[in-house]
Every structure is written in structure tokens, then in C-alpha cells.
DNA sequence: TATTGTTATACTCTATAACTATA
DNA sequence: TATAGTTATAGAGTATAACAATA
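Chains as they are written, first to last, in UniProt numbering: chain A, 1 to 139; chain B, 1 to 139.
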């Protein structure tokens with residue numbers, strides 16, 4: 001039979017990784033997308049919703065819903081930006097930090113499982129190659 | 001800054017490839033998903049809708065809609081399976097074959113553009129590595 | 001005038017449940 | 001009883017348009 005298309009491979013690689021990450025994060029009450037936002041907001045420089053949205057390549061209206069969900073779970077907090085009152089500074093709560101601690105380890109383990117069919121060298125190479133294919137985050 | 005997560009890289013690699021393939025296929029009046037179905041149905045062995053769905057890892061109800069769309073465009077034809085009247089044999093029409101001829105070249109070019117930041121060796125390696133990460137199609 | 005956050009809304013993709021017809 | 005196709009429907013996930021507050 002013919003080889004699978006690149007699009008098929010990327011789509012299904014994505015699906016499989018999403019399943020593994022989703023299962024790994026379930027005990028923490030968040031999904032992969034919420035984890036990505038939470039991890040990004042755990043930053044030394046204060047980040048507005050728009051900053052975060054640009055970094056993740058999603059729309060600012062989507063970010064509103066993500067931050068809403070994280071705030072409902074008491075994992076992040078909105079506060080007004082001191083110098084520009086149009087902006088929110090969004091930052092993890094104490095609970096958010098604790099959650100993130102465990103969640104990072106869980107996600108690392110899920111990625112490791114996803115890559116377990118590869119040698120360490122090939123796994124690293126996959127990362128390097130993908131980074132060269134993907135436009136760097138804006139901001 | 002920290003390195004992007006594997007999930008981010010796979011998602012955005014997918015998005016970029018989809019855009020390129022979508023643009024390449026626009027002149028043929030089909031999108032990437034329809035192309036995948038049409039290319040799969042262009043097979044020496046007759047394929048039912050369920051066969052095709054399993055191969056692409058999508059639901060059979062999704063396949064109904066895809067075949068509907070391709071049939072409306074006169075690119076495929078349903079006919080009853082000679083030995084099992086529960087099944088449809090779905091096969092490209094003459095127009096489907098002609099469309100596929102050009103579309104394959106367009107998609108190959110789009111993939112090449114997607115991979116253009118990589119050496120030929122790295123591009124081949126990406127394929128090999130992804131194939132090892134993705135479960136092979138059922139059937 | 002432009003930017004940030006927000007809301008309402010709509011669109012795409014996909015799956016689940018229930019039905020029909022065949023086996 | 002199980003399978004193939006179909007329909008109706010619902011759920012993610014996402015974006016566009018329009019608005020208020022602020023710059």
C-alpha cells in the first residue's frame with residue numbers, strides 16, 4: 001500500500017498525544033489547552049490576555065473563555081494592569097502554582113510515553129525539526 | 001524563553017500544512033479532507049464507505065458526509081456491492097480521476113513547500129519518525 | 001483613532017444515538 | 001444478532017462582528 005500522507009501523520013500524531021496528555025492531566029482537573037495557558041501565565045513578566053493569546057497563536061476571544069475557565073477553578077486571577085487600565089494582568093493563584101507543579105510532571109511523562117517508540121536521539125531530532133517548520137510565536 | 005511544548009509544535013505544524021494544502025487544492029474545488037478520501041478511493045480493490053472510514057481513522061457518519069460532497073461534485077460514484085447489498089462500493093468518476101491527477105501534484109508541491117526549511121534527509125527522517133509514532137490505519 | 005477585553009453569534013469538524021436494510 | 005449506510009442531533013473548538021472602556 002502507499003505511504004500515508006504527511007497530513008494524516010501529523011493529524012494522528014496530534015490526536016494520540018492529545019489523548020495521552022488529556023489522560024495525564026485529568027487528575028488535575030484541567031485539559032491540555034488549559035495547561036498550556038496556565039504554564040504560559042506562570043511567567044516572571046506579567047502577561048495580558050492578548051499577550052498570552054498571541055504567544056499561543058489563538059484568538060483573544062478564545063483566550064477570554066480560557067481565562068474564565070481557569071479563574072472559575074481558582075487557578076488564575078485577573079487584576080488590572082497598573083499602567084494601562086485597558087489590560088488585565090493574568091497570573092496563577094497559589095492553587096494554580098501548586099497545580100502546575102504536578103501537571104508539568106504529568107505532561108512530561110505523557111510526552112515521554114508518546115515518544116517511547118523512538119530513541120532519545122530521534123525524539124530530540126523530531127523536536128528540532130518541528131521547531132524549524134513552525135513559525136515562532138508572535139510577541 | 002522556554003522551548004515550545006510538543007503539542008504546540010504538532011498543532012501548528014498541522015495548521016501550516018493545512019493552509020498550504022488548502023490553497024494548493026482550491027483550484028480543484030476540493031479541500032484536504034476530500035482529497036484524502038478521493039485519493040484513497042482511487043484503489044484497485046473496491047472499497048466500501050466503512051473500509052474508507054477505517055483507513056482514514058474517521059467515523060462512518062463523517063464518511064457519509066464526505067462521500068455526499070464528492071458525489072455532488074461528480075468526483076465519486078456510489079454503486080451497490082455485488083455480493084453484499086448492505087455495502088456501497090465508492091469509486092472515482094472519470095472526472096474524479098482527472099481531478100486527482102492534478103490534485104496529487106498540487107499536494108506534493110504543497111508538502112514540499114511545507115518541508116522547504118529542511119534538508120532532504122531531515123524531511124525523510126520526519127516522515128519515518130512520524131510513522132513510528134502513529135498507529136497504522138485499521139483494515 | 002487604535003487597542004483591550006468582552007459578548008453574542010456562527011461556523012467547522014466530529015461523534016453519539018437511533019433508524020432502515022440487509023446479512 | 002450483527003453490520004452498513006443514513007439521519008438527526010449535539011458537542012468541541014474556533015473565529016467574526018460589534019460594543020464599552022481606555023489609551
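Even for Gly, the Cβ is constructed at its ideal location relative to N, Cα and C.
For residue 47(A), DSSP records a beta bridge to 90(A). About 25 Å separates the beta carbons of residue 107(B) and residue 48(B), which is beyond the 8 Å limit, so they are not a contact pair. When DSSP states are grouped into helix, strand and coil, residue 78(B) belongs to the strand group. Taking 9 Å as the CB threshold, residue 57(B) lines the interface with chain A. Using a Cβ distance threshold of 9 Å, residue 55(A) and residue 137(A) count as a contacting pair. Of all C-beta pairs linking the stretch 108 to 116 of chain A to the stretch 66 to 79 of chain A, fewer than three are shorter than 8 Å, placing the two stretches out of contact. One Cα belongs to residue 103(A), the other to residue 19(B), and the distance between them is close to 32 Å. Where residue 22(A) is concerned, the enclosing alpha helix (DSSP H) starts and stops at 6 to 25. When the five nearest sequence neighbours on each side are left out, the beta carbons in the same chain lying within less than 8 Å of the beta carbon of residue 38(A) are those of 30, 70, 75, 76, 92, 96, 99, 100 and 103, in order along the chain.
Taking 9 Å as the CB threshold, residue 137(A) lines the interface with chain B.
If you ignore the 5 residues before and after residue 35(A), its C-beta comes within less than 7 Å of the C-beta of 25, 103 and 107, all in its own chain and listed in chain order. One thing to note: residue 129(B) has its Cβ within 9 Å of the Cβ of residue 125(A). By the neighbour-count criterion, in which a residue is buried when 16 or more other Cβ atoms sit within 10 angstroms of its Cβ, residue 68(A) is exposed.
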